[in-house]
Structure formats: C-alpha cells, structure tokens
Amino acid sequence: MNAEEPSAAQMFNPPFVYSLAISTDGNWIASSLGDSTIQLISPPSKKSKTTKKVRLMNGHNSMVNCL
Numbered sequence: 323m324n325a326e327e328p329s330a331a332q333m334f335n336p337p338f339v340y341s342l343a344i345s346t347d348g349n350w351i352a353s354s355l356g357d358s359t360i361q362l363i364s365p366p367s368k369k370s371k372t373t374k375k376v377r378l379m380n381g382h383n384s385m386v387n388c389l
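Those letters in the sequence shown? Residues 323 to 389, by the numbering used here.
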C-alpha cells in the first residue's frame with residue numbers, strides 16, 4: 323500500500339470536517355469528514371472530562387459533506 327491509495331491510513335493531517343450535528347440532549351456529536359467517513363463522538367461531561375471517539379462509520383465512496 324502506498325500513501326496515494328484511498329485505503330491508506332490518514333497519517334499526517336486530520337481529514338477536513340464538512341459538517342457537525344449535535345444531538346438534542348448534547349450527548350453525541352456527529353461529524354462528516356472529507357475522508358468519506360462519519361465520526362460519532364461523545365463530548366466531555368461532568369463525570370468524564372475527555373472527549374471519546376465512539377464510532378467511525380465507513381461505507382461512502384467520497385467525502386460526506388452533510389449530516
């Protein structure tokens with residue numbers, strides 16, 4: 323595998339974020355990314371001060387520009 327293949331891992335720069343959506347209760351943040359993925363994130367809370375990547379969803383053939 324070389325760095326020019328679409329399946330190559332993101333090594334240096336994070337993918338561009340095209341849009342964000344926040345759940346009405348504030349427990350989840352979804353981001354659509356330029357590397358054809360959607361990332362589901364659990365933001366910091368009173369109990370946990372860290373942001374956790376919960377799920378990375380693949381399956382798109384090109385960038386995801388809207389949620």
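Where is the CB? At the ideal position from N, CA and C, for every residue including glycine.
Self-check item: Cβ pair T346, N380 closer than 8 Å
Solution: Their beta carbons are not under 8 Å apart, which means T346 does not touch N380 by this criterion.
Quiz item: For L342, which residues does DSSP report across the bridge?
Solution: For L342, the beta-bridge partners assigned by DSSP are S353.
Quiz item: Are the CB atoms of N387 and S354 nearer to each other than 8 Å?
Solution: Their beta carbons are under 8 Å apart, which means N387 touches S354 by this criterion.
Practice problem: To the nearest angstrom, report how far apart G356 and S367 are at their CA atoms. | Solution: In this model, G356 and S367 are separated by some 27 Å (Cα to Cα).
Quiz item: Between which two residues does the beta strand (DSSP E) containing S364 stretch?
Solution: Unbroken beta strand (DSSP E) run through S364: 360–364.
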